[in-house]
Amino acid sequence: MCVNALSLEGQLAEISARRTTPSGLPLVEGVISHASTQLEAGRERAVSAEVPFVVLGDAARVLSQSVLGTTVSVNGFLAAKSLKNRRLVLHVEEIRFLEG
-10 MCVNALSLEG QLAEISARRT TPSGLPLVEG VISHASTQLE AGRERAVSAE
40 VPFVVLGDAA RVLSQSVLGT TVSVNGFLAA KSLKNRRLVL HVEEIRFLEG
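Numbering (my numbering), first residue to last: -10 to 89.
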């Protein structure tokens, strides 16, 4: 199996209303806004990004009640949004709510 893993911290910038998949799983989509300083080629670089995400299951229930601007730490994997839409989306498997 190839590695496909992503860890990211940021603020909840968008959260959709919770809906249910055809298989009965709760689903929430949204956007995490990330800003940090990273080392690249030995130099500090300010980076920022808005990362679209999707979360399924129990975590979707919890996330649907969250407040925009809440700081989170997520772990997941990248995948195309769908067969027709090849845009990358972070599929969140683990979420932690951080203070501050």
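Glycine is no exception: its CB is placed at the ideal position from the N, C-alpha and C atoms.
May I ask which residues mark the beginning and end of the alpha helix (DSSP H) holding V91?
This structure does not reach residue 91, given that the chain is present from -10 up to 89, and the question cannot be answered.
Please identify the residue among V51, S55, R50, R32 whose C-alpha is closest to the C-alpha of A2.
Closest option to A2, Cα to Cα, is S55.
Alpha carbon to alpha carbon, how far is G46 from I84?
Cα to Cα, G46 sits roughly 12 Å from I84.
Assign S(-4) to one of three DSSP states: helix, strand, or coil.
Three-state result, S(-4): strand.
Can you give the Cα-Cα distance for A69 and C(-9), rounded to whole angstroms?
If I take the Cα positions, the gap works out to 16 Å.
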